[in-house]
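See structure below.
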Amino acid sequence: MDGNAYELLLDLFETKIEQLADEIENIYSDLEELSRVIMEGHQGDEYDEALSTLAELEDIGWKVRLCLMDTQRALNFLVRKARLPGGQLEQGA
């Protein structure tokens, strides 16, 4: 692969990581709102809804984590096994 292909691949990984970071921020924002509902002590349907939301957020969080681990493995492969053009690694540092 030439340098332009590597740059494109790295740009794609950067975009993926930025989107996953945004998703993590959204999860934490939702968790903050959820904690307020729980701490206010409302009973009944709100607790059921909060529990359902918590389960959804946990599922999304694990999927984000798996995506990040997959990205890390792919980047580790590129760094260790692929032949990056001279100076390509130093650009990101």
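Residues 289 to 381 in the working numbering are what the sequence shown spells out, letter by letter. Just so you know, even glycine gets a beta-carbon here, dropped at the ideal spot from N, CA and C.
Query	Result
Close-in-space but distant-in-sequence residues of the same chain around Gln307 (CB under 8 Å, 5 per side omitted)	none
contact_flag[the segment 324-342, the segment 298-305] where n(CB pairs < 8 Å) is 3 or more	no
Inter-residue CB distance, Gly349 and Ile326 (contact presumed, cutoff 8 Å)	About 17 Å separates the two Cβ atoms, so there is no contact after all.
Inter-residue spacing [alpha-carbon to alpha-carbon] between Ser340 and Ala362	34 Å
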